[in-house]
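Here's the structure, in structure tokens; my notes come after.
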Amino acid sequence: MINRIFSDKELATFRRDTDGCSHVIHLNNAGAALMPNPVTQAVLEHIRLESQIGGYEASALRNTAIQQFYEQAAKLINCKPSNIAFTASATDSYTRALSSIPFLQGDIILTDNDDYISNQIQFLSCKKRFGIEIVRIKNAPGGGVDLEDLEQKLITLQPRLLAITHIPTNSGLVQPVKQIADIYKSYTQKHPGKTWYILDACQSIGQMKIDVQELRCDFLSVTGRKFLRGPRGTGFLYVSDKVLEAGLEPLFIDMRGAEWIEKDEYKQRPDAMRYEDWEFAYALVLGATKAIEYCLQIGEDKIWQEVRQLSAYIRSQLSGIDKIRVLDRGPEVGGLVTFTVTGLQPKIITDALQERKINVVPSYRNFAVIDFDEKQAQWAIRASPHYYNTVEEIDVFIDAMRGIVKSESQG
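Position 2 (the sequence shown) corresponds to 5 in our numbering; numbering is contiguous.
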């Protein structure tokens, strides 16, 4: 049995704040979590205000509240508001950061084997366009990056970019980012100005505490819709002072990020807003602010303890079911539980679970070619619990999986 971090009273409050808990067993928080009511209310109120007085006028009226987004996001990851740019998603953040790296032909991107599919596609696009090289760090025998290989490749290759995904979308793996930060710090002290470091925190933000001063990344890409429990269409990009002082800027900078001062000259903004676009969904900005505030009020360390316990319980229970193979491995694992079932297809499983109002999602080989090939799997089901899920809900899910496997085996 699990010793819950939150009391029954606290859990009841979380669920009362979450309308979706009355309708589904939501184990797809790594896809898009159920929003708490304060988030939904903030979005709807601003949409209503725009309909009543006009979009420009509504954002002007709520300007003070909108600026709170930068304050709260900075508080969440331990930086200054001037280091924060609002974006539409983690991929949007990542693309803006990647586009600002001054690649030259022959430059190297050093990355891990468990990167997010869109990041890998973008690297391949840069290879095709700029003639760069992609080099991947070896995995340690137990999973995750081999730190010795990372250090050796940094020193010998001196890549233009180091790109790490904190938690991949297809696995419970948590990369050892604090040790990576120490290696990167030591390397940059000896080779200043050679390499930039992008850390993808798409799956880790809202699941665990993130401190960019400790992680020493130059960019951090974040989404709002997953464990942070914000609206879809929200994210943010952390841009370090080092990046800002070096004058890096996104490839397609617009009137939000720069001022047109002469016919053939523009002046970039001094802060991270140079990575933003002029047009904003301000209702979503306000919703994202509420999501961050809600997370901070609960406490990231407590959330992380709860998520780890729930996901460990799911793994232990699934491992006892015939024909199910849990795929997660690594020095540390988090809230993404992935498994495959011998003799079944993923749609059969997801459809059967949806009939029982249980939300999970499938992942396929092309989502993470290297990882799936290493695990000799063509697909996986991903179940990702959050702190508002109950043990009873998880037991319903486990019982459902037992029934599905048994039924299909007999059929």
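We put the beta carbon where it would ideally sit given N, CA and C, even for glycine.
Practice item. Below 6 Å CB to CB, which residues in the same chain sit around I120 once its five sequence neighbours on both sides are set aside? Key: F370
Check your understanding: Name the DSSP bridge partner or partners of Y367?
Key -> W382
Review point. Excluding the five sequence neighbours on either side, which residues of its own chain have a C-beta within less than 6 Å of the C-beta of R405, listed in chain order?
Key: I324
Check your understanding: Are at least three pairs of beta-carbons, each pair with one atom in the stretch 259-267 and one in the stretch 218-231, less than 8 Å apart?
Key -> no
Exercise for review: Confirm the yes/no value for this check: CB of D20, any heavy atom of the ligand MG, distance under 6 Å.
Suggested key: Looking for the ligand MG in the displayed structure turns up nothing, as the structure carries no ligands at all.
Check your understanding: Between which two residues does the beta strand (DSSP E) carrying W307 extend?
Key -> Per DSSP, W307 belongs to no beta strand (DSSP E); it is in the alpha helix (DSSP H), 303-322.
Point to revise | Environment of Y59 [buried if 16+ CB atoms lie within 10 Å] | key: exposed
Practice item. Starting from the N-terminal side, write out each stretch of the beta strand (DSSP E) that is 3 residues or longer and does not extend beyond the stretch 119-177. Key: 136-139, 164-168
Practice item. Note down the Cα distance separating D304 from L160, rounded to an integer number of angstroms. Key: 37 Å
Review point. Which residues in the same chain as D22 place their Cβ atom closer than 7 Å to its Cβ, once the five residues preceding and following it in sequence are excluded?
Key: N40
Point to revise | DSSP-derived helix/strand/coil call for E395 | key: helix
Exercise for review: May I ask which residues mark the beginning and end of the alpha helix (DSSP H) holding G61?
Suggested key: The amino acid occupying residue 61 in the given sequence is Ala; Gly does not appear at that position. Per DSSP, A61 belongs to the alpha helix (DSSP H) from 58-64.
Check your understanding: On the three-state DSSP scale, how would you describe T345?
Key -> coil
**Study point:** Nearest-angstrom Cβ-Cβ length linking L330 and T341, presumed shorter than 8 Å
**Key:** 5 Å
Review point. Start and end of the alpha helix (DSSP H) containing Q182?
Key: 180-193
Check your understanding: Does the distance from the CB of R163 to the CB of F106 come in under 7 Å?
Key -> yes
Practice item. Keeping to the same chain, check which residues put their C-beta closer than 8 Å to that of S102; ignore five residues upstream and five downstream. Key: P253, L254, F255
Practice item. Look at the Cβ atom of R224, then the Cβ atom of L240, and state whether they are nearer than 7 Å. Key: Going by the sequence as given, residue 224 is Ser instead of Arg. Contact flag set, yes.
Check your understanding: Straight-line CA distance for V310 to Q123?
Key -> 28 Å
Practice item. Indicate whether A204 and I50 have their beta-carbon atoms separated by less than 7 Å. Key: no
Review point. Can the beta-carbon of K293 be found closer than 7 Å to that of V42?
Key: yes
Check your understanding: From G1 to G333, what does the alpha carbon distance come to, in whole angstroms?
Key -> Beyond the ends of the chain as shown, which are 4 and 414, falls residue 1; an answer cannot be given.
Point to revise | Limits of the unbroken alpha helix (DSSP H) element including R244 | key: In the sequence as presented, Arg is not what sits at residue 244; that position holds Asp. Its alpha helix (DSSP H) spans residues 244-249.
Check your understanding: Nearest-angstrom Cα distance between K134 and G302?
Key -> Looking at the sequence shown, residue 134 is not Lys but Gly. Near 45 Å, if we compare the C-alpha coordinates of G302 and G134.
Review point. Should the stretch 203-223 be called in touch with the stretch 56-76, which here means at least 3 C-beta pairs below 8 Å?
Key: no
Review point. Can you tell me where the beta strand (DSSP E) with V225 in it begins and where it stops?
Key: 222-226
Review point. Can you list, in chain order, the residues of its chain whose CB lies under 7 Å from that of G227, leaving out five sequence neighbours each side?
Key: G233, P234, T237, G238, A291, A294
Review point. Whose C-beta lies closer than 7 Å to the C-beta of W35 among residues of the same chain, with five residues either side of it excluded?
Key: According to the sequence as given, residue 35 is Ala; it is not Trp. Hits under 7 Å: R228, K229, R235.
Point to revise | 7 Å Cβ shell around R18 - same chain, five flanking residues per side excluded | key: C24, Y391
Exercise for review: Check F72 in the structure and name its three-state DSSP category.
Suggested key: helix
**Study point:** Any 3 or more C-beta pairs closer than 8 Å across the stretch 262-278 and the stretch 342-352
**Key:** no
Review point. Using DSSP with H/G/I as helix, E/B as strand and the rest coil, what is G337?
Key: coil
Review point. On the three-state DSSP scale, how would you describe I50?
Key: helix
Practice item. Tell me, to the nearest whole angstrom, how far the beta carbon of L150 is from that of L113; I am working on the premise that it is less than 8 Å. Key: Rounded, the Cβ-Cβ distance is 13 Å, inconsistent with contact.
Point to revise | Backbone secondary structure at V27 - three-state DSSP | key: coil
Review point. If you compare alpha carbons, which of S366, I327, V336 is closest to A403?
Key: I327
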